[in-house]
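Residue numbers (the working numbering), protein chains in the order written: chain A, 1 to 334; chain B, 1 to 549.
Note that beta-carbon positions come from the ideal geometry of N, C-alpha and C, so glycine has one too.
Bear in mind that the values here come from a model prediction, so they are computed numbers and not experimental data.
Okay, so here's the structure we're looking at.
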Amino acid sequence: MLRFILTRISLVVPTFIGILLLSFMLIRLVPGDPIEVRFGERGIAPERLAQLRAEMGLDQPLYVQFLDYLGHVARGDLGVSISTKNPVLTEFLALFPATVELGLCAMIFAIVFGLPAGVFAAVKRGSVFDHALMSTSLTGFSMPIFWWGLLLILLFSVQLGWTPVSGRLAALYYIEPTTGFMLIDSLLSDEKGAFLSALRHLILPTVVLGTIPLAVVARMTRSSMLEVLNEDYIRTARAKGLSSFRVIGIHGLRNAMIPVVTVIGLQVGSLLGGAILTESIFAWPGVASWLIEAINRRDYPVLQGGVLLVASLVMLVNLAVDVLYGMLNPRIRR
Amino acid sequence: MGGYRETNEAIFEEAPLIRTLPLLATVALGALVMAGPAAAKGTLVYCSEGSPENFNPQINTTGTSFDAAKPVYNGIVEFERGSTKVIPGLAESWTVSEDGKTYTFNLRKGVKFHSNANFKPTRDFNADDILFSFNRMWKADHPYHKVSGGSYDYFGDMDMPKLLKSITKVDDYTVKFELNDAEAPFIANMAMDFAQILSAEYGDALLKKGTPEKIDQEPIGTGPFTFVQYQKDALIRYRANDQYWGGRPPLDQLVFSITKDPAVRYAKVKAGECHVMPYPNPADLPKMREDKDINLLSQEGLNIGYLAYNVTKKPFDDKRVRKALNMAIDKKAIVDAVYQGAGVAAINPIPPTLWSYNKSVKDDPYNVEEAKKLLAEAGYPNGFETDLWAMPVQRPYNPNAQRIAEMMQADLAKVGVKAKIVSYEWGEYRKRAQAGEHQMAQLGWTGDNGDPDNFLYVLLGCAAARPGGSNIAKWCYKPFDDLLVAAKRTADVAERTKLYEQAQVVFKEEAPWFTIAHSVVYKPVRKEVVDFRVSPFGRHQFDGVDLKQ
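Structural data, given as structure tokens:
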């Protein structure tokens with residue numbers, strides 16, 4: 001097992017270097033300059049531009065800038081944002097809990113609804129429910145997030161008035177972030193009703209962000225469960241007279257879970273992709289919308305630092321999934 | 001297989017957790033869906049379009065950031081809310097010397113600065129705060145000059161370093177600004193966002209603590225609201241300043257709920273989650289007009305969108321060619337199709353809301369035959385080939401430069417002029433246009449200080465016609481420039497008005513631009529909001545605003 005984990009970790013190193021290089025290069029390929037983009041019609045005097053570029057080290061050759069950046073990263077310094085002058089890491093840490101909170105809720109939503117739906121569809125294969133579930137999940141999987149989000153807002157928030165339109169908390173409540181997780185912070189505060197408000201603000205973004213993973217989980221669970229249910233050992237287990245719950249829950253589900261866990265792990269990456277749109281629609285103050293704005297402002301430090309952090313996290317999650325996978329299925333360890 | 005399915009179903013029925021999980025979750029979700037309070041009494045929520053860079057308008061450059069700092073600060077003089085009129089602020093009155101080079105401000109007494117967890121002011125506002133604020137921008141050896149990047153763009157853009165000779169404290173409540181030249185727009189510059197007054201005492205206290213950058217993040221000012229809380233990309237919270245020298249504002253609390261998407265901002269206004277929103281989608285305007293919960297306020301913006309002919313390049317060095325093209329383009333069609341009710345056709349280079357706008361100037365009529373005749377006279381009976389630049393981005397004065405370029409291209413083809421549409425990335429576009437690489441280029445302007453000089457001299461004066469300057473027609477016409485310079489030298493508004501009116505006549509006659517349009521700014525505001533005024537500068541200000549209960 002240890003050797004398995006070590007091999008996986010050794011694979012992480014080249015990936016990390018790749019991310020460093022890509023996050024650094026990609027934004028520099030986009031036309032536009034982080035300084036000039038700040039100026040409107042008036043523009044900026046060439047001398048002043050040269051001075052600012054020199055101050056930010058942008059006048060150096062690219063490889064020098066990159067080596068310089070590497071040196072700073074090695075010391076744990078991701079630089080300061082060009083537009084706000086705040087350290088990138090500080091901004092990231094302030095915004096990241098919101099993304100995690102939303103992502104976790106979406107994942108839980110996907111699993112809570114997707115897993116049982118998949119099992120149910122597998123068990124009732126060919127039934128109306130099965131067909132309905134499969135076509136719904138196909139629709140869910142191909143749902144354009146932006147459109148879906150606005151649709152839900154218009155229906156539930158504007159027409160019916162059931163849920164808030166956007167944000168994390170009603171403006172009425174005054175909460176200083178301690179953990180950055182609104183559900184926890186609002187529970188810790190003395191503001192009555194804040195927790196409920198935080199929960200209500202989570203509903204629509206969770207549903208929107210969770211829709212695609214939900215569809216994926218449901219479909220994956222169904223097909224994997226179908227395969228497992230027809231295995232000999234299920235018949236054996238049943239023949240032994242085990243309770244139906246043990247047959248399905250222990251023998252069936254555990255084996256069917258292996259591909260499902262992989263898929264859930266892979267969803268973390270696409271979840272962050274979906275978060276970009278979801279956060280923009282719901283004015284959710286997370287890292288995804290922060291990165292989008294950094295692209296518009298050509299805020300190089302924010303982008304390269306932010307992408308590096310997010311990509312590293314996705315990588316770590318995938319590593320964790322690999323390890324978990326190994327635990328669920330001993331054959332993979334070899 | 002059939003038998004299997006039956007057994008499997010039986011199994012499922014016996015697996016209570018799997019079966020009931022979605023059911024439980026649905027019930028929980030449903031329980032949450034209950035109507036909750038939208039906003040507290042006396043709290044106005046403004047759905048702002050983005051996060052500010054910081055809370056110091058000396059170093060900010062965006063309207064978003066200026067809006068966020070405005071509740072906290074005052075200037076020596078200010079713009080009257082909803083107009084371009086300069087009114088007293090922290091100065092009760094001021095005098096201008098005969099030669100127009102010395103401005104003496106008499107400061108208001110008993111003005112209190114805000115306090116926060118880390119700072120309690122021990123004295124009232126006085127002349128030291130003015131020196132502190134201006135010297136920070138002006139003097140490289142000021143302890144705060146380098147703090148937060150040390151870039152004072154507007155201070156530089158308004159040519160203050162060149163203009164200022166000295167700032168002196170005469171006594172605690174009198175400050176004297178001496179200028180190198182008589183410059184009438186100076187007083188309007190002093191009302192701009194960059195000229196807001198910070199607390200010198202707060203500056204000293206932060207310096208001692210070793211956290212000078214906090215001055216730009218946790219602002220202390222004299223303004224109508226005190227800063228309470230900022231969470232990036234989420235909200236900014238202010239509370240009414242009970243000790244405000246202008247009287248406590250009617251609102252108890254002001255919240256900026258940061259909402260980047262205009263469709264979502266609109267949904268929030270409809271749902272009552274916010275009261276005022278900026279920058280609506282033009283497509284939503286008809287629905288907003290009909291909405292009984294919303295007042296759709298509008299005002300012609302302080303801006304101009306134009307097409308500049310590069311007069312240093314053939315054939316645009318010939319006035320007849322410029323006039324001909326002005327007649328060949330169907331302006332009304334462009335304004336109707338592209339601005340869709342959110343713009344008015346422009347005649348002069350300044351908007352009609354600006355003082356000294358010359359109403360008697362007539363626009364060049366749309367007349368293809370006349371245009372052809374003029375071209376033939378100028379030696380181009382069969383037209384010519386040219387480029388036609390279009391910005392790649394939407395600007396406040398021009399919602400779609402590409403579409404406008406296409407319409408112009410079609411119009412010009414009718415008089416034999418073959419125009420090739422050219423575009424670059426925005427920063428690059430502006431740089432190349434200012435370098436004068438184009439023959440014809442679209443651009444525009446949004447006013448900074450409500451002074452005609454800020455349009456005419458900046459966009460059409462000789463000083464700006466140098467390569468890299470903001471006069472992209474590169475049009476330096478002495479009789480026109482003389483009028484502008486004369487208008488700078490006198491503080492007499494009647495005299496200045498006359499000079500600018502004349503300048504507009506010369507402009508139309510010489511036709512360095514095809515004036516496209518002035519855009520109209522729309523602000524959807526909920527019915528319960530009282531006395532919100534649309535700012536000609538595109539700002540959003542809440543000091544006199546109230547909510548009907």
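In this structure, the CA atom of I167 of chain B is about 8 Å from the CA atom of F134 of chain B.
Take the alpha-carbon of G76 of chain A and the one of L58 of chain A: they are about 21 Å apart. Sequence-distant Cβ neighbours of N56 of chain B in its own chain, meaning closer than 6 Å and more than five residues away, are D216. Beta-bridge partners of I304 of chain B (DSSP): B:W445. DSSP places Y244 of chain B outside both helix and strand once states are collapsed to three, so it counts as coil. Burial of D322 of chain A is indicated by the presence of at least 16 other C-beta atoms within 10 angstroms of its C-beta.
Non-local beta-carbon contacts of D531 of chain B in its own chain, meaning distances under 7 Å to residues more than five positions away in sequence, involve G544, V545, D546 in chain order.
Sorting B:K372, B:M158, B:I130 by C-alpha distance to the C-alpha of T61 of chain B places B:M158 at the top.
Put simply, the CB of S83 of chain A is near chain B, with a gap under 8 Å to one of its CB atoms.
In the DSSP annotation of this structure, V72 of chain B is not part of any beta strand (DSSP E), being labelled neither H nor E.
Nearest Cα to G341 of chain B within the set B:P185, B:N281, B:Y266: B:N281. Residue pairing of Y522 of chain B in beta bridges, as defined by DSSP: B:S298. Shortest Cα-Cα distance from P87 of chain A to any of A:G326, A:S243, A:Q304, A:C105 involves A:Q304. Straight across, the Cα-Cα distance linking Y380 of chain B with A324 of chain B is about 11 Å. Looking only at B:Q243, B:S148, B:G100, B:T497, the smallest Cα-Cα distance to E53 of chain B is reached by B:S148.
Relative to P479 of chain B, the option among B:D129, B:E510, B:Y339, B:F256 whose CA is nearest is B:E510.
With a cutoff of 8 Å on beta-carbon distance, V287 of chain A and T99 of chain A are scored as near each other.
For G343 of chain B, the uninterrupted beta strand (DSSP E) segment begins and ends at 343–345.
Runs of alpha helix (DSSP H) with 4 or more residues, each lying fully within the stretch 136–210 of chain B, are found at 153–157, 160–163, 186–189, 200–209, listed in chain order. In the three-state scheme derived from DSSP, where H, G and I count as helix and E and B as strand, Q304 of chain A is classed as helix. The alpha helix (DSSP H) runs of length 4 or more contained entirely in the stretch 404–487 of chain B are, from start to end of the chain, 426–435, 453–460.
Under the 8 Å Cβ criterion, the stretch 260–272 of chain A counts as touching the stretch 101–117 of chain A, having at least three qualifying pairs.
With a cutoff of 8 Å on beta-carbon distance, P285 of chain A and L95 of chain A are scored as near each other.
Contact between D387 of chain B and Q434 of chain B fails: their C-beta atoms lie close to 16 Å from each other, not under 8 Å. Apart from sequence neighbours up to five positions away, the residues of its chain that approach K508 of chain B with a beta-carbon distance below 6 Å are V361, ordered along the chain. Taking all protein chains in view, the Cβ of L412 of chain B is crowded by 16 or more other Cβ atoms within 10 Å, so the residue is classified as buried. Within 10 angstroms of the beta-carbon of Q541 of chain B lie 16 or more other beta-carbons, which makes it buried.
Counting C-beta pairs closer than 8 Å gives fewer than three between the stretch 40–53 of chain A and the stretch 301–318 of chain A, which falls short of the contact rule.
Residue contact with chain B for V261 of chain A: absent (no Cβ-Cβ distance below 8 Å to any residue of chain B). In this structure, DSSP gives Y500 of chain B a helical state, which the three-state scheme calls helix. Using a Cβ-Cβ cut-off of 7 Å, G427 of chain B is close to G32, D33, E36, V37 of chain A, given in chain order. Taking C-beta separations shorter than 7 Å and ignoring five residues to either side along the sequence, the partners of V521 of chain B in its chain run S298, Q299, G301, V534, G538, following chain order. Interface annotation, R430 of chain B: in contact with chain A, CB-CB separation under 8 Å. With contact defined as three or more Cβ pairs closer than 8 Å, the stretch 184–198 of chain A and the stretch 62–74 of chain B are not in contact. Nearest to Q196 of chain B by C-alpha distance, out of B:T102, B:G75, B:N382, is B:G75.
One thing to note: F225 of chain B has its Cβ no nearer than 8 Å to the Cβ of L198 of chain B.
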